[in-house]
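To start, the structure under review is shown below, and the notes come after it.
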Amino acid sequence: MTNPLNGESMAAHPAAELIAAYLSGTLSPPEVAAVEGHVAGCRACRQEVTSARRLIRSRPRPNRWWLALPAAAAAAVIIMVGRASGPRAAPDAIRADGGGPAAAGLTALAPADRQAVPLRRLVFVWASHAGRPVYHLTLMDGAGRAVWLGETPDTTLALPAGVSLDAGQAYYWYVDALDVDGGSLTTGTHRFTAAP
Amino acid sequence: MPGSPPSVLARLLEASDSAARESAWAELVGLYSRLLLHVGRSFGGDHDAAMDRYAWVLEQLRADDFRRLRTYVADGRSEFSTWLVVVAQRLCLDHRRTRYGRLRAADGDGAHEDEWAARRRLVDLIAADVDLSSIGDGHGAGPEDRVRLADLYHALESALALLDSRDRLLVKLRFEDGIPMPEIARNLEFPSRFHAYRRLTQVLADLRGALERSGVRDTAP
């Protein structure tokens, strides 16, 4: 059996280029058969191909930090405007659809969107992200003011007793996951109503 | 996308001075560090262990005037990131061997027993209609039983060799490697996992037929 790319014997393990082409789905049918014939008989190569596929499927998106600049700038404006003493941004300016510009990858679990939550039981929960990121939670009122900022390596945060919310009012929250190599993910902004 | 190398790679390999080379290298590292860390973390251990592997991979990619990066042939066959995952994975394995040595098979070690167990699983599944349910596990079997088992597995390997490569790979992934069927279906590009299950059922039936034709019907002493 010979390597269809260079005629060499396929008794040798396939080169990285051939494996990569196989994983990319760009080999011809005879080339695929040759690779699969070797892999079927070679546990080491089979494990290599299986684990490479899993890594490729689960890989992080390219670190195009400049794409996140508009979202980061918008988030900074919301927080800074909220903290100023002047007129507040209208609640509708805050997107409460969980679909902020960099929302992909981090899932908010509780409270559910637009849920009425008893204040004494307010716990924020989100899905964990691979690696060991630090999670930053921001809680804002309807005018965009930051009411509370929390930080944890865990995936839950309970509203501290010292933070008081107004019953019947809508609040907005989001979580950013910041990992060790500088990447970040966010849940996007979510809304709940403070129940009495 | 396949077709041409990333521009930063081309700039790196064609750089005419060290300043341009270092600038392109820094940019390449910036673009692909997360991917390389992703591969490094997959080998387990703590954060420091992953960073050791990451540093090793970068060092090896730079070695000999970026020899490994120069072997990436932009012939439209693979994405650079896919190639990088394959190469980084191999380099991480090299790193592990460099530090801990190769895994060596000792008598009665886990790898040999895993292979034995995998063959038994396959035989058990094929054996439903061929009355091989009396097959032992090889441990504590007498010399005659071990010879019969060896004959059975030889017949099984011969039958497997008659399958086409994809069917053989399907069987090995399922029974030797224990890969879940939905993943196998995706990897081998079946339309759905149900198609994969149906194909596997047919392949097992073919193997049963091959074993019967080779005279294997039971293993009772």
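In the order they appear, the protein sequences are chains A and B.
Whatever position you read off the first sequence (first residue = 1), add 294 for my numbering.
At position 102 of the second sequence (counting the first as 1) the number is 97 in my numbering, and the numbers step up by one without a gap.
Don't be surprised by glycine CBs; every beta carbon is placed ideally from N, CA and C.
Computed from a prediction, not measured in an experiment: that's the story for all the values here.
is_contact[residue i, chain B] using C-beta, thresh 8 angstroms
i	result
THR344 (chain A)	yes
LEU349 (chain A)	yes
GLU330 (chain A)	yes
PRO354 (chain A)	yes
SER322 (chain A)	no
SER318 (chain A)	yes
ALA327 (chain A)	yes
GLN341 (chain A)	yes
ARG337 (chain A)	yes
ALA310 (chain A)	yes
ASP470 (chain A)	no
Chain A contact residues for residue i, given Cβ-Cβ distances below 7 angstroms
i	result
LEU147 (chain B)	The premise fails here: LEU147 (chain B) is roughly 19 angstroms from chain A at the closest Cβ pair, so nothing lies under 7 angstroms.
ARG163 (chain B)	ALA334
Chain A residues whose Cβ lies nearer than 8 angstroms to that of residue i
i	result
ARG48 (chain B)	In chain order: nothing, as chain A lies at least about 13 angstroms away.
GLN55 (chain B)	The premise fails here: GLN55 (chain B) is roughly 12 angstroms from chain A at the closest Cβ pair, so nothing lies under 8 angstroms.
Integer-rounded CB distance, given that residue j should sit under 8 angstroms from residue i
i	j	result
THR481 (chain A)	TRP420 (chain A)	6 angstroms
TRP467 (chain A)	LEU433 (chain A)	5 angstroms
VAL497 (chain A)	ALA402 (chain A)	The requested residue 497 (chain A) does not occur in the structure, where chain A is confined to residues 295 to 490.
ILE179 (chain B)	ALA191 (chain B)	6 angstroms
VAL24 (chain B)	LEU4 (chain B)	That belief does not hold up - the Cβ atoms of VAL24 (chain B) and LEU4 (chain B) are roughly 12 angstroms apart, past 8 angstroms.
ALA327 (chain A)	SER160 (chain B)	5 angstroms
LEU250 (chain B)	ARG353 (chain A)	For chain B, the structure presents residues -4 to 216; residue 250 (chain B) sits outside this window and is missing.
LEU459 (chain A)	ALA488 (chain A)	4 angstroms
ASP172 (chain B)	GLN341 (chain A)	7 angstroms
LEU453 (chain A)	HIS423 (chain A)	That belief does not hold up - the Cβ atoms of LEU453 (chain A) and HIS423 (chain A) are roughly 22 angstroms apart, past 8 angstroms.
THR91 (chain B)	PHE38 (chain B)	Thr is not the amino acid found at residue 91 (chain B); the sequence shown has Arg there. 7 angstroms between Cβ atoms; contact.
TRP78 (chain B)	GLU311 (chain A)	7 angstroms
CB contact check: residue i to chain A, cutoff 8 angstroms
i	result
SER187 (chain B)	no
ARG72 (chain B)	yes
ARG203 (chain B)	no
VAL198 (chain B)	no
THR77 (chain B)	yes
ARG62 (chain B)	no
ALA101 (chain B)	In this predicted model, ALA101 (chain B) has a pLDDT of only 43, less than 50, meaning its place in the structure is not dependable enough to derive any value.
ARG141 (chain B)	no
VAL80 (chain B)	yes
HIS33 (chain B)	yes
ARG85 (chain B)	yes
Cross-chain neighbours of residue i in chain B, by beta carbon under 7 angstroms
i	result
ALA315 (chain A)	ARG72, SER73
ALA306 (chain A)	Chain B residues near ALA306 (chain A): none, gap ~14 angstroms exceeds 7 angstroms.
Proximal residues of chain B, C-beta to C-beta of residue i below 9 angstroms
i	result
GLU270 (chain A)	The structure shown does not extend to residue 270 (chain A), since chain A is modelled only from 295 to 490, so the question has no answer here.
ARG414 (chain A)	Those within 9 angstroms of ARG414 (chain A) in chain B number zero; the least Cβ separation is about 38 angstroms.
DSSP bridge partner residues for residue i (one or two, in chain order)
i	result
ARG464 (chain A)	What sits at residue 464 (chain A) in the sequence shown is Ala, not Arg. Beta-bridge pairing links ALA464 (chain A) to A:THR487.
ASP470 (chain A)	A:HIS430, A:THR480
PRO412 (chain A)	A:ALA489
GLY444 (chain A)	A:LEU431
PHE418 (chain A)	A:LEU451
ALA156 (chain B)	DSSP output for ALA156 (chain B) lists no bridge partner at all.
VAL402 (chain A)	In the sequence under discussion, the amino acid at residue 402 (chain A) is Ala, which differs from the Val named in the question. The partner list for ALA402 (chain A) (beta bridge, DSSP) reads A:TRP420.
9 angstroms Cβ cut-off: residues of chain A touching residue i
i	result
THR93 (chain B)	Within chain A, no residue comes near THR93 (chain B); the closest Cβ sits about 17 angstroms away, beyond 9 angstroms.
SER209 (chain B)	The contacting residues do not exist; SER209 (chain B) stays about 20 angstroms from chain A at best.
SER37 (chain B)	SER345, ARG348, LEU349, SER352
Which residue spans inside the region 298 to 347 of chain A form an unbroken alpha helix (DSSP H) run of at least 4? 310 to 318, 323 to 335
Check distances from the C-beta atoms of the region 150 to 175 of chain B to those of chain C and list, in chain order, the residues that come in under 9 angstroms. Absent from the structure is chain C; the protein chains it does hold are A and B.
Counting only runs that start and end within the region 147 to 193 of chain B, where is the alpha helix (DSSP H) found for 4 or more residues in a row? 160 to 166, 176 to 182
Extract the residue ranges of the alpha helix (DSSP H) inside the region 0 to 29 of chain B, only unbroken runs of 4 or more that lie entirely within it. 2 to 9
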